[in-house]
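Q: The UniProt record's numbering puts the first residue of the sequence shown at 1, with every later residue one more than the last. Using N, Cα and C, we set each Cβ at its ideal position, and we do this for glycine too.
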Amino acid sequence: RHQGSFWRALGACFPWRWHGPMLLICAMAYVALLDGEKQLLSLPLGLPSLCQLLSLALGLHKPSAVEMSELAERSKQNVAHGLAWSYYVGYLKIVLPRMKETMEEFSRANPTLLLRRGTWKLHILVPLSCDIIDDLEKADSNIQYLTDLSETILTKAGIKNRVYKHSLYAIKDEDNKPWHCVVEFAAPLQSLYAMSQDDCAAFGREERLEQAKLFYRTLEEILRGSKECRGTYRLIAYQ
């Protein structure tokens with residue numbers, strides 16, 4: 001979250017505008033103690049500490065549900081969480097349980113392809129920059145489109161015969177050896193990128209990066225807990 005930086009984490013816990021007053025208060029307390037005011041300061045310093053410990057013990061320091069909701073809305077921290085769940089419920093939960101069956105059908109019809117069962121998964125690319133390229137072949141000359149797998153056709157949300165399909169690619173490694181696998185980007189990241197380009201969303205580059213990381217972590221957690229999707233996907237996050 002803070003890219004391994006101690007100072008970023010410290011700044012997130014204690015805003016920089018607090019550092020000056022906190023240092024000043026500590027210095028004044030230290031000087032007062034040196035002046036022999038230990039008895040006078042013991043009560044005002046001890047009572048707030050005791051109250052704080054009591055508050056922590058009773059859980060009174062935690063924000064209420066209303067405050068949490070308001071904070072999430074103001075800071076837009078609910079964006080990535082909602083996108084991850086929508087992506088899973090509206091798409092991955094539909095296509096992933098059929099992935100191995102679809103690959104099996106394709107392998108029987110094309111016995112020279114998909115020889116390595118370890119690649120019989122949906123490889124989901126998660127660029128943390130949210131920069132998604134629609135045509136993978138244009139992104140890298142080592143990627144070649146081969147064909148589409150069999151379609152899944154469902155009626156969803158009033159849409160008759162809605163089509164879900166995946167594209168099969170041949171990807172060459174450093175030894176120029178082709179690997180055949182199904183690859184696609186995590187489409188919701190396009191929404192995050194579009195939001196960062198729209199003034200109405202008030203969504204900057206730093207917020208977009210944090211939301212992309214949160215999207216990946218949330219999606220990873222959701223899929224890890226889904227028995228029906230187990231072993232049918234591979235999440236690939238990169239900068």
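#1: Out of Leu154, Val89, His81, His123, which has the shortest C-alpha to C-alpha gap to Leu235?
#2: DSSP puts Thr152 in a beta bridge; with which residues?
#3: Per the contact definition of three or more C-beta pairs closer than 8 Å, is the segment 138-155 in contact with the segment 165-176?
#4: Quick one: Cα of Leu83 to Cα of Ala139, how far?
#5: Which word fits Cys200, buried or exposed, when buried means at least 16 other C-beta atoms lie within 10 angstroms of its C-beta?
#6: Can you look up Cys181 in the DSSP assignment and give me helix, strand or coil?
#7: Quick check on Lys38: does DSSP put it in helix, strand or coil?
#8: On the three-state DSSP scale, how would you describe Thr102?
#9: Within the same chain, show all residues whose beta-carbon is closer than 8 Å to that of Trp85, passing over the 5 residues directly before and after it, in chain order.
#10: Who does His123 pair with in a DSSP beta bridge?
#11: Given that a residue counts as buried once 16 or more other Cβ atoms are within 10 Å of its Cβ, and exposed if not, what is Ser167?
#12: Buried or exposed for Thr232, please, with buried defined as at least 16 other CB atoms from any protein chain shown within 10 angstroms of its CB.
#13: In chain order, what residues of the same chain have a beta carbon less than 8 Å from the beta carbon of Tyr238, not counting five sequence neighbours either side?
#14: Please report the straight-line C-alpha distance between Cys181 and Tyr193, rounded to a whole angstrom.
#15: In whole angstroms, give me the CA-to-CA distance for Glu37 and Glu210.
#16: Measure the C-alpha to C-alpha separation of Ala99 and Leu149 and round it to an integer number of angstroms.
#17: In terms of DSSP beta bridges, what is Lys172 paired with?
#18: Return the first residue and the last residue of the alpha helix (DSSP H) that Tyr193 is part of.
#19: Candidates Cys229, Ala80, Arg224, Tyr91: which alpha carbon is nearest Leu154's?
#20: Report yes if the CB atom of Ile132 is closer than 7 Å to the CB atom of Gln190, and no otherwise.
#21: May I have the straight-line CA-CA distance separating Thr119 from Leu113, to the nearest angstrom?
#22: Here's the rule: buried if 16 or more other CB atoms are within 10 angstroms of the residue's CB, otherwise exposed. What is Ala212?
A: For this structure:
#1: On the sequence shown, residue 235 is found 235 positions in, with the first residue counted as 1. With distances taken between Cα atoms, Leu235 lies closest to His123.
#2: Working through the sequence shown from its first residue, we reach residue 152 at position 152. Answer by DSSP bridge pairing, in chain order: Tyr164.
#3: yes
#4: If you number the sequence shown from 1, residue 83 lands on position 83. If you number the sequence shown from 1, residue 139 lands on position 139. Straight-line Cα distance between these residues: approximately 25 Å.
#5: Here the question's residue 200 lines up with position 200 in the sequence shown. Exposed, because fewer than 16 other Cβ atoms sit within 10 Å of the Cβ of Cys200.
#6: Against the sequence shown, residue 181 aligns to sequence position 181. Of the three classes helix, strand and coil, the one that applies to Cys181 here is strand, per DSSP.
#7: Numbered from its first residue, the sequence shown carries residue 38 at position 38. Its pLDDT being 49, under 50, Lys38 is placed unreliably in this model, and the value from its coordinates should be taken loosely. In the structure shown, Lys38 sits in a helix (DSSP, three-state: H, G or I).
#8: Sequence index remark: in the sequence shown, residue 102 carries index 102 (1-based). Here DSSP, grouped into helix, strand and coil, assigns Thr102 to helix.
#9: For this step, residue 85 is matched to residue 85 along the sequence shown. The residues are Thr218, Ile222.
#10: To locate residue 123, count along the sequence shown from 1; it is residue 123. Looking at the DSSP assignment, His123 forms a beta bridge with Val183, Arg234.
#11: Within the sequence shown, the letter at position 167 stands for residue 167. By the 10 Å Cβ count, Ser167 comes out exposed.
#12: Reading the sequence shown from its first residue, position 232 is the one you call residue 232. Looking at its Cβ environment, which holds 16 or more other Cβ atoms inside 10 Å, Thr232 is buried.
#13: Position 238 of the sequence shown, counting from 1, holds the residue named residue 238. Taken in chain order, the residues that qualify are Leu125, Val126, Pro127, Leu128.
#14: Locating residue 181 in the sequence shown gives position 181, counting from the first residue. Locating residue 193 in the sequence shown gives position 193, counting from the first residue. Straight-line measurement puts the Cα of Tyr193 at about 26 Å from the Cα of Cys181.
#15: Residue 37 sits at position 37 when you count from the first residue of the sequence shown. Residue 210 sits at position 210 when you count from the first residue of the sequence shown. Reliability of the predicted coordinates at Glu37 is poor, the pLDDT of 49 falling under 50, and no value is obtained from them.
#16: The sequence position of residue 99 within the sequence shown is 99, counting from 1. The sequence position of residue 149 within the sequence shown is 149, counting from 1. Residue 99 is actually Met in this sequence, not Ala. Computed Cα separation, rounded: 10 Å.
#17: Along the sequence shown, one-based indexing puts residue 172 at 172. Paired residues: Pro178.
#18: On the sequence shown, position 193 is the one that residue 193 refers to. Taken as a continuous stretch (DSSP letters only), the alpha helix (DSSP H) holding Tyr193 covers 189-197.
#19: Stepping through the sequence shown from its first residue, residue 154 is reached at position 154. That would be Tyr91, whose Cα lies nearest to the Cα of Leu154.
#20: Residue numbering aside, residue 132 sits at position 132 when the sequence shown is read from its first letter. Residue numbering aside, residue 190 sits at position 190 when the sequence shown is read from its first letter. Yes, the Cβ-Cβ distance between Ile132 and Gln190 is below 7 Å.
#21: Within the sequence shown, residue 119 is the residue found at index 119, counting from 1. Within the sequence shown, residue 113 is the residue found at index 113, counting from 1. So the two alpha carbons sit approximately 11 Å from each other.
#22: Walking along the sequence shown from the start, residue 212 turns up at place 212. Counting Cβ neighbours within 10 Å, Ala212 comes out buried, since at least 16 surround it.
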